[in-house]
Amino acid sequence: MKRYLYYLLGMNILVLGITCNTLSDLGVGAFSTLPYAVSFLTFLTFGQANIVFYLIFVCIQMILERKISMKFILEIPFSFIFGFLVDLYQYIIPTINLNFYTQILVLLIGNTCCAIGVYFMIKGNLIMTPVDGLVLSISEVFHRPYSLCKNIFDISMILATIIICLICHSSIYGVGIGTVFSAFYIGRVISVLENFKFKTYKKCY
């Protein structure tokens, strides 16, 4: 039961963080840039765009690993639930005009929430997100380090976003200083949380 609570709590905190990042208007995380841009260029909402790309990622995992397993099937309902939560938080949290300093503050809060959310989802250890699942599949199939595949995936998402926006002669949505900041910040916060838990555990025993 505790695992489910950790996972659900983490998912909601992660979505809250993503919502704050969009409100800061300084750039979203690398894995969100493409769905975010597509939501501006099409009739899809941000949550619906996430669902579409997540389902595509699930299909790519199945193709790469040449099998249909339960871990892939479980990522499908996750995609719909996650997309629904994204649109729900986008709806209930109003868009407000921010000056540069409050933009920085909201960006910091958003990325901190993303890190905490990911940490709790890892503690829950239930279903991998389609993004992480795809990176893991690429790592296993091509026998490359996970960290390298994650970096290449993030860069690919950003480049794809820029190319699509240029083709559509639009502003480059979702890519900004916040995108770069999140790439360095989120991983460090997760590392701090993991180390804090380890040190607390040692003190207890």
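Heads up: the sequence shown at position 90 corresponds to 146 in the working numbering, and the numbers run straight through without jumps.
Where a beta carbon is used, it is the ideal one built from N, C-alpha and C, also for glycine.
Note that this is a predicted model, so its numbers are computed, not measured.
Taking a C-beta distance under 7 Å as the contact criterion, Q146 and T75 qualify as a contact pair. Distance from the CA atom of L163 to the CA atom of L82, rounded to whole angstroms, is 7 Å. Contact between Y110 and F87 is absent: CB atoms are separated by about 10 Å, not below the 8 Å threshold. With at least 16 other beta carbons inside 10 angstroms of its own, V114 counts as buried. DSSP places P91 inside the alpha helix (DSSP H), whose first and last residues are 86-97. Rounded to whole angstroms, the separation of the alpha carbons of N155 and H199 is 46 Å. Taking C-beta separations shorter than 6 Å and ignoring five residues to either side along the sequence, the partners of L130 in its chain run I183, following chain order. When C-beta atoms of the segment 165-178 are compared with those of the segment 62-78, three or more pairs fall below 8 Å, so the two segments count as touching.
Take the alpha-carbon of S227 and the one of V197: they are about 36 Å apart. Boundaries for G230: no alpha helix (DSSP H) harbours it, and the DSSP string shows neither H nor E there. Each of L64, M213, Y63, M126 was checked against the Cα of V94, and the nearest Cα belongs to M213.
Excluding the 5 residues flanking it on each side, G173 has same chain C-beta neighbours closer than 7 Å at G66, M67, I69, L70, G73, in chain order.
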